[in-house]
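Undergrad: Numbering (my numbering), first residue to last: 22 to 356. Note that beta-carbon positions come from the ideal geometry of N, C-alpha and C, so glycine has one too. The structure displayed is predicted, hence computed values, not measured ones.
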């Protein structure tokens, strides 16, 4: 697996070179959100607003009204928990092109409940005019900027940082509203997003070796959630559907899929992997994914429950887990 370092930091500087309308805003987390390089390259287009997220969103709304495209960068949890009123009233209501880059989604941070955005998809997709995206690998991180800029109105992006794997070919860029088909089969449909896709891919080969055909779709657009490929895949499986997300099962990917199934009369069983109405505490990403049932072994258990079969898959049967250092040259701090 190819690992890329500081993808957004490097990509943003090159992409913004000939786009004077693009400005970047920080809330005192410049290094932590991979925009220090942008600030150095284009100081006249960079604004550090300090630890004042509500003011930053209102400031961005003013810039957008003057013809700029503001890219807000901070930890995801501080965007929607601190500034929801400003997002709704100052940005979304007027459908302004403010783009929100939210870092450290879900259990990607050891910072505990105060830093873990576990209900952000649910909150942001409920806001009218808001588009909601989640990156899953280095390819998507490197190819979302044009679609984000070209999308009318506000966009919220669950962004990764640091050392990130390339799961998808560089020649297959992110496409708004389109899922990726990663494997095919008729026994069950698996729909994953974000970092859970890497975990799902760890398990699919072992499931196939046990004779379990898995149609696996990776979803990177939470809203609009209307890809015909997803709808077609939900009605196919013999045993049912599993969703897998780095988020609460309330209001996120599992809810999106359940809504589509109900609205279209798809009578299949649905099992949702995600945080089950609970906060997470601090710890490494692999530890938290194991503790809260978000990893490859959790997927195997759900497949067994859905199919009624004991598959006998153990950790050693799965692709090796990728361990990330909490501190590394690609991260400004542990959080």
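Less than 7 Å between C-beta atoms, sequence neighbours within five positions excluded: which residues of the same chain meet that for residue 113?
TA: Within the chain shown, the letter at position 92 stands for residue 113. These residues qualify, in order along the chain: 148, 149, 150, 151, 175.
Undergrad: Taking DSSP's pairing of strands, which residues face residue 180 in a bridge?
TA: Translated into positions along the chain shown, residue 180 becomes position 159. In the DSSP output, where bridge partners are listed per residue, residue 180 has 124.
Undergrad: If you count every other CB in all the chains shown that lies within 10 Å of the CB of residue 335, and 16 or more means buried, which is it?
TA: As a working note, residue 335 is residue 314 in the chain shown. Result: exposed.
Undergrad: In whole angstroms, what is the alpha-carbon distance linking residue 119 and residue 259?
TA: For the purposes of this step, residue 119 is identified with residue 98 of the chain shown, where counting begins at 1. For the purposes of this step, residue 259 is identified with residue 238 of the chain shown, where counting begins at 1. Answer to the nearest angstrom: the Cα atoms are 43 Å apart.
Undergrad: Looking at the strands, I want to know which residues DSSP matches up with residue 25.
TA: Numbered from 1 along the chain shown, position 4 holds the residue referred to as residue 25. Bridge partners of residue 25: 185.
Undergrad: Are residue 179 and residue 277 touching if we call contact CB-CB under 9 Å?
TA: Looking up residue 179 in the chain shown gives position 158. Looking up residue 277 in the chain shown gives position 256. No, they are not a contact pair.
Undergrad: Hey, quick one: how far does the alpha helix (DSSP H) through residue 228 stretch, first residue to last?
TA: What you label residue 228 is simply residue 207 of the chain shown in a count that begins at 1. Note, residue 228: alpha helix (DSSP H), 217 to 230.
Undergrad: What's the C-alpha gap between residue 272 and residue 135?
TA: As a first step, residue 272 must be located in the chain shown, where it is residue number 251. As a first step, residue 135 must be located in the chain shown, where it is residue number 114. Roughly 19 Å between the two C-alpha positions.
Undergrad: Looking only at its chain, what residues have a beta carbon closer than 7 Å to the beta carbon of residue 319, apart from the 5 residues adjacent to it on each side?
TA: Counting from one through the chain shown, the residue named residue 319 turns up at place 298. Counting only Cβ-Cβ distances below 7 Å, and skipping sequence neighbours, we find 294.
Undergrad: Any contact of the segment 246 to 263 with the segment 116 to 130, i.e. 3+ C-beta pairs under 8 Å?
TA: Verdict: no, contact absent.
Undergrad: Taking the straight line between their C-alpha atoms, what separation do you get for residue 420 and residue 26?
TA: Nothing about residue 420 can be reported from this structure: the residues present for the chain run from 22 to 356 only.
Undergrad: Would you tell me roughly how many angstroms separate the C-alpha atoms of residue 129 and residue 267, rounded to the nearest one?
TA: Reading the chain shown from its first residue, position 108 is the one you call residue 129. Reading the chain shown from its first residue, position 246 is the one you call residue 267. Distance between the alpha carbons of residue 129 and residue 267 is about 9 Å.
Undergrad: On a Cα-Cα basis, can you pick out the residue from 117, 138, 333 that is closest to residue 86?
TA: Sequence index remark: in the chain shown, residue 86 carries index 65 (1-based). Closest option to residue 86, Cα to Cα, is 117.
Undergrad: Is it right to say residue 300 is buried, meaning 16 or more other beta carbons lie within 10 angstroms of its own, or is it exposed?
TA: Sequence index remark: in the chain shown, residue 300 carries index 279 (1-based). Exposed, because fewer than 16 other Cβ atoms sit within 10 Å of the Cβ of residue 300.
Undergrad: Would you please state the rounded distance, in angstroms, between the beta carbons of residue 323 and residue 292? I believe it to be under 8 Å.
TA: As a position in the chain shown, residue 323 is number 302, starting the count at 1. As a position in the chain shown, residue 292 is number 271, starting the count at 1. Between residue 292 and residue 323 the Cβ distance is about 5 Å, and since that is below 8 Å, they are a contact.
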